[in-house]
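Following: one structure in structure tokens, then a few remarks.
In this note's numbering, the protein residues as written are 2 to 124.
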């Protein structure tokens with residue numbers, strides 16, 4: 002299974018395991034799983050941490066990479082795909098994750114119900 006991990010799920014998996022649904026724990030720990038973290042999540046978390054809106058460990062991304070998560074860069078195709086999405090969800094970071102999941106054939110790991118309105122695979 003190839004997963005794109007939403008920002009909140011990454012934080013829960015790394016630092017707040019009690020909040021992580023069991024099916025997500027199972028999927029992330031399965032040996033055949035490839036889990037990706039988008040550069041969009043790095044940006045989102047960094048902005049929110051800098052603004053004082055989010056308290057997460059400073060080494061969150063290093064821990065994610067050490068745990069086997071793979072970095073997913075933002076490409077022009079991803080950025081252009083955002084514009085093609087209907088404006089059902091206004092959060093630019095989530096819209097980019099949706100576009101990346103669609104472009105890369107990834108299943109999005111999120112609890113954001115608004116994302117389910119899009120034609121994107123969600124676990």
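We treat Cβ as the ideally placed atom computed from N, Cα and C, and that holds for glycine.
All figures in this text were calculated on a predicted structure; none of them were measured in a lab.
Hey, residue 110 and residue 27 are a contact pair by Cβ (cut 8 Å); roughly how many whole angstroms apart? Counting from 1 along the chain shown, the entry for residue 110 is found at position 109. Counting from 1 along the chain shown, the entry for residue 27 is found at position 26. Between the beta-carbon of residue 110 and that of residue 27 there is about 11 Å, and that puts the pair past the 8 Å contact cut.
Cβ pair residue 4, residue 36 closer than 8 Å: Stepping through the chain shown from its first residue, residue 4 is reached at position 3. Stepping through the chain shown from its first residue, residue 36 is reached at position 35. If you check the CB distance, residue 4 and residue 36 come in under 8 Å.
Figure out for me which residue from 71, 124 and 106 has the closest Cα to the Cα of residue 114. If you number the chain shown from 1, residue 114 lands on position 113. Nearest of 71, 124 and 106 to residue 114, Cα basis: 124.
Within the chosen definition, does the segment 46-66 reach the segment 11-29 through at least 3 CB pairs nearer than 8 Å? The segment 46-66 is in contact with the segment 11-29.
For residue 39, which beta-bridge partners are listed by DSSP? The residue labelled residue 39 in the question sits at position 38 within the chain shown. As computed with DSSP, residue 39 is found in a beta bridge with 73.
Range of the contiguous alpha helix (DSSP H) that encloses residue 10: Looking up residue 10 in the chain shown gives position 9. Counted as a single uninterrupted DSSP element, the alpha helix (DSSP H) harbouring residue 10 occupies residues 8-16.
Backbone CA spacing between residue 84 and residue 91 [nearest angstrom]: The residue given as residue 84 occupies position 83 in the chain shown. The residue given as residue 91 occupies position 90 in the chain shown. Rounded to whole angstroms, residue 84 and residue 91 show a C-alpha spacing of 12 Å.
If you draw a straight line from the C-alpha of residue 24 to the C-alpha of residue 77, how long is it? Position 23 of the chain shown, counted from the first residue, corresponds to residue 24. Position 76 of the chain shown, counted from the first residue, corresponds to residue 77. Taking C-alpha positions only, residue 24 is separated from residue 77 by approximately 32 Å.
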